[in-house]
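Here is the structure we will look at, set down as C-alpha cells.
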Amino acid sequence: MKSQNFNVNKYVEQMSLLIDLPIPDEYRHGVVANFTRIKAIAQLVNSFPVPEEIEAAPSFQP
Amino acid sequence: MNDALSLAASVRAGKVSALDVTTEALAKITNLDHQFHCFTAVLAQKALADAAQVDQEIAQGNDPGLFAGVPFAVKNLFDIAGVTTLAGAKINAENPPAAQDATVITKLKRSGAVLIGALNTDEYAYGFVTDNSHYGTTRNPHDLERIAGGSSGGSAAAVGAGLVPLTLGSDTNGSIRVPAALCGVYGLKPTYGRLSRAGVAPFASSFDHVGALGCSVRDMAATFDVLQGEDNRDPICTNRPPEFCLPQIQQGTSGIRIAIADDYFTQGATPEALAVVQEVAKALNVDEYVTIPEANRARAAAFVITASEGANLHLEKLRSRPQDFDPATRDRFLAGALIPTSWYLQAQRFRRWYRDRVREVFQNVDVILAPTTPISAPLIGQQSMILGEQQVMVRHYLGLFTQPLSFIGLPVLSVPIRLPNSLPLGVQLVAAPYNEALIFRVAAVLADKGVVSIITPG
Chain A
699 MKSQNFNVNK YVEQMSLLID LPIPDEYRHG VVANFTRIKA IAQLVNSFPV
749 PEEIEAAPSF QP
Chain B
14 MNDALSLAAS VRAGKVSALD VTTEALAKIT NLDHQFHCFT AVLAQKALAD
64 AAQVDQEIAQ GNDPGLFAGV PFAVKNLFDI AGVTTLAGAK INAENPPAAQ
114 DATVITKLKR SGAVLIGALN TDEYAYGFVT DNSHYGTTRN PHDLERIAGG
164 SSGGSAAAVG AGLVPLTLGS DTNGSIRVPA ALCGVYGLKP TYGRLSRAGV
214 APFASSFDHV GALGCSVRDM AATFDVLQGE DNRDPICTNR PPEFCLPQIQ
264 QGTSGIRIAI ADDYFTQGAT PEALAVVQEV AKALNVDEYV TIPEANRARA
314 AAFVITASEG ANLHLEKLRS RPQDFDPATR DRFLAGALIP TSWYLQAQRF
364 RRWYRDRVRE VFQNVDVILA PTTPISAPLI GQQSMILGEQ QVMVRHYLGL
414 FTQPLSFIGL PVLSVPIRLP NSLPLGVQLV AAPYNEALIF RVAAVLADKG
464 VVSIITPG
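As you go down the protein sequences, you meet chains A and B in turn. For the first sequence, position 43 (counting from the first letter as 1) is numbered 741 according to the working numbering, and the numbering increases by one without interruption. For the second sequence, position 16 (counting from the first letter as 1) is numbered 29 according to the working numbering, and the numbering increases by one without interruption.
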C-alpha cells in the first residue's frame, strides 16, 4: 500500500501551514498521534466502494 | 425516586407544592452534589420563583401542564436565558449570557417543569467520560471512583443520584445513551431532526441530536411528546406533525417484530454487556437475530465526520488560543482540522449508502436490541483495558455500539438493567426513523415485567 510511505509528521506540518493553523511544538506529538489514528479509521471508509450514484444526503434547502 | 409524572400528579392534586419540591431538590444538590459534581450552575432564585408561579396557577384553578412542578436540569450546552452557555469550555465562559432559552427548555417550562440548573459535560461535548479539565469530573453515583460516562455525564449522574428526576442532554455519537447506561437511567435519543436543537451549542451538525434522561419509560415518552414540533430556528428540525407516544405505551408488543443485532453488536463486549441483551430478549420471547451490515465502517465514518465538523466549528479558536482548550479534546480537534475533503465526502456518501441498507433491514424488523456500551463504567482516569485478547482505549471504545446508530439518526432508547452485584448497563432499543412509539411500547413491557428499571445506588 502506497500510503505506508506517507509521513504523517510532514503532512501535519504542511497541511497546518496550508490552512493557517499553527500547531505549537508541545501539541505536535498528540496531533500526529491523533491524525495517525484518524487515518487508520478513515482507511476503513475510503477502501469501501461506494457506487457513483450515491450522493451525500445534503440538508441544504435553497 | 418518584418519576416526574407521579411527582407532577402530586403537585397538580395539591398533595405537595411545587415550591416544596423545588426547595427539596435544591437542598439535595447543596448537600450531595459535591460528591458527584453534576452541576455547573444552580439557578435557585429563578427556580423558586418559577415554582411559586406553578403553585399560583394551581391555586387559580389552571392546569400548569404535564410536568407541573417537576425540577429538571440541562447539560450546559443548552442556552438558558441570562446564563452563559459554557459547553464545557473555558473559552465560552467569556461569552455573554444567552438571550433566550433553548427551544426544548421553553417547551418543558411551558409544561410546568422548573429549570434548576446546568450540568457538566466533556468540552464541546467531545468525549464519552465527562472528565473535564476546566469544570471537574462527574462521578458515577454507583461508584464514585468511576466515570459517569459522557458527554451528557452530568445529565445522567444527576438522575442516577436522585438529584432531579429529569434532565436534557445531547447525543452526537452516543452522548446520551452511554452515560445513561453507565449511571443506570433511561436515555432517549430520538430520530435525527425530530426535536429542535435551536439554542443548543453544536458539535457535529450531521449527527447532533437532543434528548432526555430520566427514571421511567413514561417520563421519557411524555418528555418526547412535550418537546416535539416544528421549529424554524433549527434548519434540521422536522416539519412532520408531532405523534404523541405517551397514549400508546401500554399497547404491548403484539405485532412488533423484534430481533437481536448480531455480528458487530455481539463482538468486543464483556460477557455482562451481552448477557443483559439476552435478558431483555428472553423477557420479550425474542430469539431472532438480524444483521446491520457494515456497522464497523459506519462507526469509522462517524468518527471522520465528527472530527472534521467539530474541528471546523472551532477552527478560529484553535488558531488563536489552543492553550485554552481541554487537553483531552485539543489534539483531537487539531488533528480533525487536517482531514482531507475526500475522506469527509467519502464518509458522507457512505452514510447515504449505509442508510439505504439499514432501511432494507427495517423492512423485516421493527425494533432491534443491542448493547449500549461494551463495558460497565471504567475507573476515572483509566486509559485502556483488556477485552478478550485485545487492549482497547476506554475513552473511544465506549461508543462502539452507539455510533453506528446515531450515524444515520435512528431513534434509540437505552434502558437500564444490571446483573446481580454488578454495575449498571444498558440495552439499546432501536427502531426505524420516526418509530419512537414502538420503542416505548417495548420498553414499557420490559418495565412492567421488572426486567428494566432505574437503578438506585446503594
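Glycine included, each C-beta is placed from N, C-alpha and C at the ideal position. In this text, all values refer to a predicted model and were calculated from it rather than measured experimentally.
In the DSSP assignment, what residue or residues form a beta bridge with residue i?
{"i": "residue 464(B)", "result": "Paired residue(s): none; residue 464(B) is not in a bridge."}
{"i": "residue 222(B)", "result": "184(B)"}
{"i": "residue 710(A)", "result": "The partner list for residue 710(A) (beta bridge, DSSP) is empty, contrary to what the question assumes."}
{"i": "residue 150(B)", "result": "144(B)"}
{"i": "residue 381(B)", "result": "272(B) and 443(B)"}
{"i": "residue 400(B)", "result": "403(B)"}
{"i": "residue 302(B)", "result": "273(B)"}
{"i": "residue 241(B)", "result": "208(B)"}
{"i": "residue 156(B)", "result": "153(B)"}
{"i": "residue 202(B)", "result": "425(B)"}
{"i": "residue 128(B)", "result": "85(B)"}
{"i": "residue 227(B)", "result": "179(B) and 199(B)"}
{"i": "residue 55(B)", "result": "130(B)"}
{"i": "residue 358(B)", "result": "DSSP output for residue 358(B) lists no bridge partner at all."}
{"i": "residue 392(B)", "result": "159(B)"}
{"i": "residue 213(B)", "result": "91(B)"}
{"i": "residue 438(B)", "result": "430(B)"}
Measuring straight from C-alpha to C-alpha, what distance separates residue i and residue j?
{"i": "residue 150(B)", "j": "residue 166(B)", "result": "9 Å"}
{"i": "residue 681(A)", "j": "residue 277(B)", "result": "Residue 681(A) lies beyond the range of chain A shown here (699 to 760); nothing can be said about it."}
{"i": "residue 361(B)", "j": "residue 30(B)", "result": "51 Å"}
{"i": "residue 207(B)", "j": "residue 734(A)", "result": "36 Å"}
{"i": "residue 699(A)", "j": "residue 350(B)", "result": "Reliability of the predicted coordinates at residue 699(A) is poor, the pLDDT of 47 falling under 50, and the value obtained from them is presented with this limitation in mind. Residue 699(A) and residue 350(B): Cα-Cα distance of roughly 25 Å."}
{"i": "residue 439(B)", "j": "residue 465(B)", "result": "9 Å"}
{"i": "residue 159(B)", "j": "residue 33(B)", "result": "32 Å"}
{"i": "residue 218(B)", "j": "residue 93(B)", "result": "20 Å"}
{"i": "residue 213(B)", "j": "residue 243(B)", "result": "16 Å"}
{"i": "residue 290(B)", "j": "residue 296(B)", "result": "10 Å"}
{"i": "residue 447(B)", "j": "residue 237(B)", "result": "12 Å"}
{"i": "residue 365(B)", "j": "residue 95(B)", "result": "40 Å"}
{"i": "residue 405(B)", "j": "residue 74(B)", "result": "58 Å"}
{"i": "residue 269(B)", "j": "residue 418(B)", "result": "20 Å"}
{"i": "residue 463(B)", "j": "residue 294(B)", "result": "13 Å"}
{"i": "residue 192(B)", "j": "residue 54(B)", "result": "20 Å"}
{"i": "residue 226(B)", "j": "residue 744(A)", "result": "36 Å"}
{"i": "residue 746(A)", "j": "residue 318(B)", "result": "16 Å"}
{"i": "residue 133(B)", "j": "residue 393(B)", "result": "15 Å"}
{"i": "residue 704(A)", "j": "residue 85(B)", "result": "51 Å"}
{"i": "residue 189(B)", "j": "residue 427(B)", "result": "9 Å"}
{"i": "residue 398(B)", "j": "residue 17(B)", "result": "37 Å"}
{"i": "residue 470(B)", "j": "residue 170(B)", "result": "11 Å"}
{"i": "residue 267(B)", "j": "residue 451(B)", "result": "10 Å"}
{"i": "residue 239(B)", "j": "residue 69(B)", "result": "22 Å"}
{"i": "residue 162(B)", "j": "residue 15(B)", "result": "24 Å"}
{"i": "residue 42(B)", "j": "residue 87(B)", "result": "14 Å"}
{"i": "residue 354(B)", "j": "residue 420(B)", "result": "19 Å"}
{"i": "residue 429(B)", "j": "residue 707(A)", "result": "44 Å"}
{"i": "residue 344(B)", "j": "residue 726(A)", "result": "8 Å"}
{"i": "residue 718(A)", "j": "residue 47(B)", "result": "42 Å"}
Would you please state the rounded distance, in angstroms, between the beta carbons of residue i and residue j? I believe it to be under 8 Å.
{"i": "residue 89(B)", "j": "residue 78(B)", "result": "At roughly 25 Å, the Cβ-Cβ gap does not stay under 8 Å, so residue 89(B) and residue 78(B) are not in contact."}
{"i": "residue 203(B)", "j": "residue 83(B)", "result": "Wrong, their Cβ atoms sit about 20 Å apart, outside the cutoff."}
{"i": "residue 282(B)", "j": "residue 384(B)", "result": "6 Å"}
{"i": "residue 382(B)", "j": "residue 262(B)", "result": "18 Å between Cβ atoms; not a contact."}
{"i": "residue 431(B)", "j": "residue 468(B)", "result": "6 Å"}
{"i": "residue 379(B)", "j": "residue 444(B)", "result": "6 Å"}
{"i": "residue 195(B)", "j": "residue 153(B)", "result": "6 Å"}
{"i": "residue 460(B)", "j": "residue 229(B)", "result": "7 Å"}
{"i": "residue 339(B)", "j": "residue 146(B)", "result": "5 Å"}
Please find out if some non-hydrogen atom of the ligand NAP comes closer than 7 Å to the beta-carbon of residue i.
{"i": "residue 744(A)", "result": "As far as ligands go, the structure on display features none, and thus does not contain the ligand NAP."}
Exercise. Give a yes or no on contact between the region 117-129 of chain B and the region 58-69 of chain B, applying the rule of three or more CB pairs nearer than 8 Å.
Key: Contact between the region 117-129 of chain B and the region 58-69 of chain B is present: 3 or more CB-CB pairs across the two stretches fall below 8 Å.
Exercise. Say whether the region 374-390 of chain B touches the region 736-755 of chain A, bearing in mind that this needs 3 or more beta-carbon pairs closer than 8 Å, one atom from each stretch.
Key: Taking a cut-off of 8 Å for Cβ pairs, the region 374-390 of chain B and the region 736-755 of chain A do not touch, as fewer than three such pairs fall below it.
Exercise. Can you check the region 308-342 of chain B for any alpha helix (DSSP H) of at least 4 residues that lies completely inside it and give the ranges in chain order?
Key: Segments of the alpha helix (DSSP H) lying fully in the region 308-342 of chain B: 308-326 and 328-333.
Practice problem: Evaluate contact between the region 215-229 of chain B and the region 253-268 of chain B, counting only Cβ atoms and requiring at least three cross-stretch pairs below 8 Å. | Solution: With the cut-off at 8 Å, the region 215-229 of chain B and the region 253-268 of chain B do not touch.
Practice problem: Count the C-beta pairs between the region 294-312 of chain B and the region 264-283 of chain B that are closer than 8 Å, then say yes if the count reaches three, no if not. | Solution: With the cut-off at 8 Å, the region 294-312 of chain B and the region 264-283 of chain B touch.
Quiz item: Is there contact between the region 169-178 of chain B and the region 451-462 of chain B, where contact requires at least three CB pairs shorter than 8 Å?
Solution: Because the criterion of three Cβ pairs below 8 Å is not met, the region 169-178 of chain B and the region 451-462 of chain B do not touch.
Quiz item: Counting pairs of beta carbons, one from the region 95-112 of chain B and one from the region 133-140 of chain B, are three or more of them closer than 8 Å?
Solution: They touch, by the three-pair rule.
Practice problem: Report the residue ranges of all beta strand (DSSP E) runs contained in full by the region 77-115 of chain B; include only those spanning at least 3 residues, in chain order. | Solution: When DSSP assignments are scanned along the region 77-115 of chain B, the uninterrupted stretches of beta strand (DSSP E) that are 3 or more residues long and fall wholly within it turn out to be 84-88.
Self-check item: the region 314-321 of chain B / the region 721-741 of chain A touching (three or more Cβ pairs under 8 Å)
Solution: Three or more pairs of CB atoms, one per stretch, sit closer than 8 Å, so the region 314-321 of chain B contacts the region 721-741 of chain A.
Quiz item: On the three-pair Cβ rule with 8 Å, is the region 112-120 of chain B touching the region 36-54 of chain B?
Solution: Because the criterion of three Cβ pairs below 8 Å is not met, the region 112-120 of chain B and the region 36-54 of chain B do not touch.
Practice problem: Run through the region 18-62 of chain B for me and flag every whole alpha helix (DSSP H) of 4 or more residues, listed as ranges in chain order. | Solution: Here the runs fully enclosed are 31-49.
Quiz prompt | Short-range partners of chain D found in the region 732-748 of chain A, where Cβ spacing is below 7 Å | solution = Annotation note: the requested chain D is absent from the structure, which comprises protein chains A and B.
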